[in-house]
Amino acid sequence: MEKHNASLYEGNDRYRGYCVDLLSNLSATLNFSYELVVSNLPYGFQDPKTREWHGLVRELIDKKGDMVLGAMTITRDREEVVDFSQPFLYLGVRILLKKPEKKPPALFSFLDPLTMDVWIYILIAYLTMSLFLFFIGRFSPYEWYNPNPCIEEAGVVENQFSIFNATWFTIGSLMQVGTEIAPRAVSTRLLAGIWWFFTMIMVGSYTANLAAYLTAERMKLPIENAQDLVKQNQIKYGCFEGGATCKFFERSVYPDYMRMWDAIKADPNNFVHSHEEGVAKVKESTGTKGYAYLMESITLEYITSRDCNVIGIGNPLDTKGYGVAFPKSKPCCNTINLRKILSCHGLIIRFAFSKGNLCGHSHSTRQRVSGGVSN
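FYI, this note's numbering numbers position 238 of the sequence shown as 267, with every residue one higher than the one before it.
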């Protein structure tokens with residue numbers, strides 16, 4: 030791509046990017062000069078009717094260029110008409126989807142860190158402990174006391190664990206605020222100790238789950254992988270017409286991918302003619318008329334790192350590579366293969382996505398999990 034201040038530069042210095050750095054390194058190592066020509070043509074596809082090649086592959090066939098360096102996937106069809114270097118990046122097909130909108134928290138979202146089962150069990154434990162304190166406080170003689178200790182023969186004794194005080198004592202302990210009520214008998218103190226231990230565990234678990242729940246970004250995606258795409262019919266999906274991704278699904282013998290290809294080719298609108306068009310269709314889609322774009326993982330990760338409205342989901346569906354393309358029988362092809370591409374991995378790792386992630390999120394989705402009984 031061009032630099033922001035490209036008008037201040039001339040020739041090859043006007044451009045920046047991963048492939049520009051790679052080509053510059055190749056030029057310095059192999060001692061050759063080059064002129065960059067930026068093209069808007071597709072990388073290359075074959076017309077199924079005329080069997081004619083189009084795009085940059087056609088440019089190489091017609092000897093209008095010496096090499097094509099970019100996100101060009103090495104495929105069997107392309108290798109029949111042009112030569113490729115060994116792969117300099119490996120990738121696979123992933124799914125580009127519109128990023129779900131964040132919904133405002135619900136009124137009772139503070140209950141979400143624990144499941145409904147846990148809350149019900151806590152309520153049952155609270156009521157049970159309150160009743161136990163009430164009954165044991167009534168039956169234990171040590172819970173009855175003289176409210177006027179200065180008058181020993183008053184003949185009046187009281188019990189602090191009425192039904193209201195018992196429920197107030199247990200809820201105060203659960204909320205970690207305490208009460209002025211203190212058990213007197215050994216039996217009620219034992220019950221209070223058990224309840225305090227229970228509340229310590231539950232409050233600690235709730236606090237830990239709440240911190241993770243508020244920190245993690247909740248992604249409620251309608252699909253998680255390619256298998257989910259096959260099982261539904263609300264979200265349409267497509268690929269770059271004539272591109273390597275479409276060829277992958279067209280020639281796949283895996284049942285799920287064969288069904289995906291049948292769904293793609295059933296509607297011509299599922300095909301796009303550029304990555305920009307595919308990304309635009311994804312961003313314009315809605316919940317009831319969704320669209321997922323199947324594309325190569327390297328390009329997908331670059332897009333999602335700069336466009337915060339889309340997200341990549343699922344693992345790569347296949348493995349393939351990007352290569353430098355040359356006209357057939359180009360002498361420098363084998364030279365570059367042997368002398369540079371194989372020893373270039375350190376350069377590739379250093380340059381890959383060196384511009385950083387502008388959206389500040391990873392390429393994988395994170396989900397919050399409520400604490401359940403098994404936790």
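Note that beta-carbon positions come from the ideal geometry of N, C-alpha and C, so glycine has one too.
Nearest to residue i by alpha carbon, out of the options?
{"i": "M96", "options": "T102, A255 and L85", "result": "L85"}
{"i": "F227", "options": "T208, I200, I210 and D42", "result": "I200"}
{"i": "S169", "options": "K128, T217 and L152", "result": "T217"}
{"i": "D127", "options": "P142, P297, Y44 and P251", "result": "Residue identity check: residue 127 is Lys in the sequence provided, not Asp. The residue with the shortest Cα to Cα distance from K127 is P251."}
{"i": "Y351", "options": "C48, V186, L70 and P134", "result": "C48"}
{"i": "L70", "options": "D141, D50, G99 and N299", "result": "G99"}
{"i": "D76", "options": "G271, V282 and G307", "result": "G271"}
{"i": "C275", "options": "K260, D291 and Q261", "result": "D291"}
{"i": "L156", "options": "R105, D50 and W224", "result": "W224"}
{"i": "L162", "options": "A237, N188 and E253", "result": "N188"}
{"i": "A211", "options": "G343, G166, H83 and I230", "result": "G166"}
{"i": "K249", "options": "L89, F74, K131 and E31", "result": "K131"}
{"i": "D296", "options": "Y44, N262, P134 and H304", "result": "N262"}
{"i": "F190", "options": "V215, L160, N177 and M204", "result": "L160"}
Is residue i helix, strand or coil when you go by DSSP?
{"i": "P170", "result": "helix"}
{"i": "F300", "result": "coil"}
{"i": "A305", "result": "The identity of residue 305 in the sequence shown is Glu, whereas the question assumes Ala. Here E305 sits in helix by DSSP."}
{"i": "L52", "result": "helix"}
{"i": "P284", "result": "helix"}
{"i": "A295", "result": "coil"}
{"i": "V311", "result": "helix"}
{"i": "K318", "result": "coil"}
{"i": "E346", "result": "The sequence given here places Leu at residue 346; Glu does not occur at that position. It is coil, neither helix nor strand."}
For residue i and residue j, what's the separation of their Cα atoms in angstroms?
{"i": "A221", "j": "A241", "result": "30 angstroms"}
{"i": "H33", "j": "K357", "result": "36 angstroms"}
{"i": "I264", "j": "N338", "result": "17 angstroms"}
{"i": "I370", "j": "V353", "result": "For I370, the pLDDT reaches just 49, beneath the cut-off of 50, and the residue's location in the model is therefore unreliable, although a value from the coordinates is still provided. One C-alpha to the other measures close to 9 angstroms."}
{"i": "T79", "j": "R87", "result": "14 angstroms"}
{"i": "D112", "j": "F355", "result": "5 angstroms"}
{"i": "E81", "j": "K92", "result": "16 angstroms"}
{"i": "L59", "j": "D347", "result": "33 angstroms"}
{"i": "D285", "j": "A255", "result": "8 angstroms"}
{"i": "G267", "j": "I293", "result": "6 angstroms"}
{"i": "L329", "j": "V110", "result": "27 angstroms"}
{"i": "E279", "j": "W148", "result": "51 angstroms"}
{"i": "F137", "j": "M145", "result": "12 angstroms"}
{"i": "N175", "j": "F139", "result": "44 angstroms"}
{"i": "V185", "j": "I151", "result": "37 angstroms"}
To which residues of the same chain is residue i closer than 8 angstroms at the C-beta, ignoring the five residues directly before and after it?
{"i": "R345", "result": "This sequence places Pro at residue 345; Arg is not what is there. Answer for P345: L120, G121, V122, R123 and S326, listed in chain order."}
{"i": "T333", "result": "L125, V339, I340, G341, C388 and H392"}
{"i": "D106", "result": "Q75 and K276"}
Under a CB-based cut-off of 8 angstroms, is residue i close to chain B?
{"i": "V122", "result": "Of the protein chains in the structure, only one exists, and it is not chain B."}
Skipping 5 residues on each side, what residues in its chain have a beta carbon closer than 7 angstroms to that of residue i?
{"i": "T208", "result": "W197, F198 and G201"}
{"i": "K310", "result": "V301, Y320 and Y322"}
{"i": "K312", "result": "K127, N338 and V339"}
{"i": "T104", "result": "A273 and K276"}
Suppose the cutoff is 6 angstroms on Cβ atoms and the five residues either side in sequence are ignored; what does the same chain contact list for residue i look like?
{"i": "E39", "result": "none"}
{"i": "R213", "result": "Y171 and E172"}
{"i": "K384", "result": "Here K384 scores only 47 on pLDDT, less than 50, and its place in the model should not be relied on; the value that follows carries that caveat. None."}
{"i": "N41", "result": "L65"}
What residue ranges within the segment 92-147 form continuous alpha helix (DSSP H) runs of no fewer than 4 residues, ordered along the chain?
Complete alpha helix (DSSP H) runs here, min 4: 105-108.
If we require 4 or more residues per run, which alpha helix (DSSP H) segments fall completely within the segment 181-269?
Segments of the alpha helix (DSSP H) lying fully in the segment 181-269: 192-203, 215-244 and 255-260.
Along the chain, which unbroken stretches of the alpha helix (DSSP H) at least 4 residues long are found entirely within the segment 39-91?
When DSSP assignments are scanned along the segment 39-91, the uninterrupted stretches of alpha helix (DSSP H) that are 4 or more residues long and fall wholly within it turn out to be 47-59 and 85-90.
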